[in-house]
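Participant: Would you mind keeping the following structure in view while I ask a few things?
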Ligand SMILES: Cc1ncc(COP(=O)(O)O)c(C=O)c1O
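Residue numbers (our numbering): 243 to 660.
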């Protein structure tokens with residue numbers, strides 16, 4: 243997303259933010275379709291090699307239909323982790339044979355839904371899940387459920403512990419040592435068809451080394467299984483590539499792609515990945531309006547109309563999102579401020595002690611790199627209405643892609659006792 247000042251006013255993809263805020267209200271998520279497309283094409287090119295590849299967009303990063311649709315129209319598949327995400331992917335037009343389903347807690351209802359839909363594969367995360375999928379597939383007379391085993395490769399992704407999934411002590415994937423026994427069971431189960439292996443070690447990964455290690459392990463396992471005659475079709479190397487929020491320097495798509503291709507070597511398998519954040523984070527901005535500026539004996543608080551219910555990353559992971567004033571105030575005194583939301587939690591803080599020209603009530607601020615795990619993790623906490631979302635297309639037109647919630651939305655489905 244191009245975020246630039248023109249005559250002292252911040253613009254997103256050439257549109258002045260003040261006009262967007264006036265038209266659509268705040269808080270407001272704004273996404274750039276050209277940025278989504280550019281990221282998608284760059285990644286696609288980076289993965290191109292001597293075997294086919296498939297990018298399954300991790301819907302959890304931002305599940306808005308218009309975002310999934312944008313990727314689907316570029317030939318992407320989807321990685322889903324619930325029946326709800328599967329529903330969204332189907333609604334957004336993702337071809338069923340490009341949908342993979344990860345997650346440690348798939349319910350029988352969700353497994354039914356996915357078998358009926360005939361998705362590409364389940365990424366199985368436990369023996370108990372394997373048995374449940376087998377029995378449901380058996381029930382669908384003669385059906386063979388396509389599966390891949392998500393293997394826990396016990397690799398430390400060197401990221402925030404809350405988004406680390408590759409280590410043995412986490413709940414994710416099937417322990418390395420358990421794989422051979424599970425393979426024997428799959429071979430003896432007519433309602434299962436093993437077509438791949440998958441791995442996903444964490445999110446916001448900023449080094450290549452963990453990817454190398456994980457990829458080498460999973461490729462090594464694939465070689466052994468194929469040597470034993472198992473007809474694998476793909477390896478899914480997961481997602482997790484980090485983005486630059488402030489001073490991180492994550493690998494580029496090209497470096498990531500090369501690492502995975504190198505690991506795959508001459509194996510005649512489709513290379514699958516399931517990135518989320520790296521495709522959408524920088525394509526989104528959260529626009530918020532300053533409600534009050536509050537001086538206390540120790541601090542200056544800038545209280546804005548977005549809260550942790552709209553963007554929980556700073557509170558949940560101590561994440562730093564750059565925050566830029568929409569109107570540059572050359573003459574305002576620069577000072578250290580805390581930018582906080584209205585939610586009744588001390589941790590409702592977007593930035594602590596950052597230097598900025600002191601904003602005034604009514605000013606707008608732009609919270610950058612908010613396209614991933616922003617709106618997707620939003621809630622109604624404090625009975626706040628979830629924000630509207632817009633997308634700016636290639637022609638520079640802003641479209642509403644999610645209405646701001648109403649008070650009626652807030653209580654939909656609730657009942658008084660008779
Ligand atoms: C199984 C799986 N695949 C893909 C992703 C996407 O990760 P990211 O958004 O960091 O690329 C996640 C999220 O952690 C995940 O759990």
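Glycine included, each C-beta is placed from N, C-alpha and C at the ideal position. These figures come from a predicted structure and were not determined experimentally.
Run the CB neighbour count on residue 452, radius 10 Å, all protein chains shown included, and call it buried at 16 or more, exposed below.
Facilitator: Residue 452 comes out buried.
Participant: Just how far apart, CA to CA, sit residue 253 and residue 487?
Facilitator: Each residue's alpha carbon lies about 19 Å from the other.
Participant: Would you please state the rounded distance, in angstroms, between the beta carbons of residue 443 and residue 499? I believe it to be under 8 Å.
Facilitator: Residue 443 to residue 499, Cβ: 17 Å. No contact.
Participant: Cβ of residue 400 versus every heavy atom of ligand 2: is any distance shorter than 6 Å?
Facilitator: No copy of ligand 2 appears in this structure; the ligands present are ligand 1.
Participant: Relative to the C-alpha of residue 335, which candidate in 344, 306 and 354 has its C-alpha closest?
Facilitator: Nearest of 344, 306 and 354 to residue 335, Cα basis: 306.
Participant: Contact between the segment 510-518 and the segment 539-557 is defined here as three or more beta-carbon pairs at a separation below 8 Å; is this criterion met?
Facilitator: Touching, no.
Participant: State the DSSP-derived secondary structure class of residue 200, mapped to helix, strand or coil.
Facilitator: Missing from the structure shown is residue 200; the chain here goes from 243 to 660 and no further.
Participant: In the DSSP assignment, the beta strand (DSSP E) including residue 557 goes from what residue to what residue?
Facilitator: Element bounds for residue 557: not the beta strand (DSSP E) but the alpha helix (DSSP H), 555-559.
Participant: Does the beta-carbon of residue 348 have 16 or more other beta-carbons within 10 angstroms, so that it is buried, or is it exposed?
Facilitator: By the 10 Å Cβ count, residue 348 comes out buried.
Participant: For residue 458, which beta-bridge partners are listed by DSSP?
Facilitator: Bridge partners of residue 458: none, in fact.
Participant: On the three-state DSSP scale, how would you describe residue 256?
Facilitator: Here residue 256 sits in coil by DSSP.
Participant: Shorter than 6 Å, the distance from the beta carbon of residue 286 to the closest heavy atom of ligand 1, or not?
Facilitator: No, the Cβ of residue 286 stays beyond 6 Å of every heavy atom of ligand 1.
Participant: Can you list, in chain order, the residues of its chain with a C-beta nearer than 6 Å to that of residue 339? Leave out the 5 residues immediately preceding and following it.
Facilitator: Cβ within range, chain order: 362.
Participant: On a CA-only basis, which of 308, 609, 326 and 297 is nearest residue 320? Give me that one, please.
Facilitator: That would be 297, whose Cα lies nearest to the Cα of residue 320.
Participant: Quick one: is the Cβ of residue 517 within less than 6 Å of any heavy atom of ligand 1?
Facilitator: Yes; taking the cut-off as 6 Å, the Cβ of residue 517 has a heavy atom of ligand 1 nearer than that.
Participant: Closer than 6 Å: is that where the CB of residue 469 sits relative to any heavy atom of ligand 1?
Facilitator: Flag unset: Cβ of residue 469 not near ligand 1.
Participant: Report yes if the C-beta of residue 408 is less than 6 Å from at least one heavy atom of ligand 1; otherwise report no.
Facilitator: Answer for residue 408: no, Cβ out of range of ligand 1.
Participant: For ligand 1, any of its heavy atoms closer than 6 Å to the Cβ of residue 481?
Facilitator: Yes, the beta carbon of residue 481 sits closer than 6 Å to at least one heavy atom of ligand 1.
Participant: Can you give me the C-alpha to C-alpha distance between residue 382 and residue 376, rounded to a whole angstrom?
Facilitator: Approximately 10 Å, taken between the alpha carbons.
Participant: Output needed for residue 278: all residues of its chain with C-beta closer than 8 Å, excluding positions within five of it in sequence on either side, in chain order.
Facilitator: Counting only Cβ-Cβ distances below 8 Å, and skipping sequence neighbours, we find 309, 312, 313, 521, 522 and 525.
Participant: Measure the CB-CB distance between residue 316 and residue 322 and report whether it falls below 7 Å.
Facilitator: No, these two residues do not count as a Cβ contact at 7 Å.
Participant: Any chance the segment 555-572 sits against the segment 644-653, with 3 or more Cβ pairs inside 8 Å?
Facilitator: As far as the Cβ criterion goes, the segment 555-572 does not touch the segment 644-653, which means the pair count is below three.
Participant: Which residues mark the beginning and the end of the alpha helix (DSSP H) in which residue 373 is found?
Facilitator: Where residue 373 is concerned, the enclosing alpha helix (DSSP H) stretches over 369-381.
Participant: Would DSSP call residue 436 helix, strand or coil?
Facilitator: Correct three-state label for residue 436: strand.
Participant: Return the first residue and the last residue of the alpha helix (DSSP H) that residue 501 is part of.
Facilitator: Run containing residue 501: 495-506, per the alpha helix (DSSP H) assignment.
Participant: For the beta strand (DSSP E) that residue 329 lies in, which residues bound it at each end?
Facilitator: Residue 329 -> not in any beta strand (DSSP E); alpha helix (DSSP H) instead, spanning 325-333.
Participant: Is residue 417 near ligand 1, judged by its Cβ being under 6 Å from some heavy atom?
Facilitator: Not so, every heavy atom of ligand 1 lies at least 6 Å from the Cβ.
Participant: Which residues in the same chain have their Cβ closer than 8 Å to the Cβ of residue 620, if we skip the five residues on either side of it in sequence?
Facilitator: Around residue 620: 551, 552, 553, 554, 628 and 629.
Participant: Can you list, in chain order, the residues of its chain whose CB lies under 7 Å from that of residue 455, leaving out five sequence neighbours each side?
Facilitator: So the qualifying residues of the chain are 397.
Participant: Who are the near neighbours of residue 506 in its chain, counting only those whose CB is closer than 8 Å to its CB and skipping five residues on each side?
Facilitator: Closer than 8 Å at the Cβ level, and outside the excluded window around residue 506, lie 291, 293, 457, 461, 477 and 513.
Participant: With a threshold of 16 other CB atoms inside 10 Å of the CB of residue 302, please say whether the residue is buried or exposed.
Facilitator: The residue in question, residue 302, is buried, as its Cβ has 16 or more Cβ neighbours within 10 Å.
Participant: By Cβ distance below 8 Å, which residues in the same chain neighbour residue 616 in space, the five residues on each side in sequence not counted?
Facilitator: Within the same chain, residue 616 has close Cβ partners 271, 304, 526, 528, 552, 553 and 555.
Participant: If we ignore side chains and look at the alpha-carbon of each, how far apart do residue 417 and residue 472 end up?
Facilitator: Going from the Cα of residue 417 to the Cα of residue 472 covers about 20 Å.
Participant: Please confirm whether residue 411 and residue 437 have their CB atoms less than 7 Å apart.
Facilitator: In this structure, residue 437 does not lie closer than 7 Å to residue 411 by Cβ.
Participant: Using a 10 Å radius around the Cβ and a threshold of 16 neighbouring Cβ atoms, would you call residue 490 buried or exposed?
Facilitator: Exposed, because fewer than 16 other Cβ atoms sit within 10 Å of the Cβ of residue 490.
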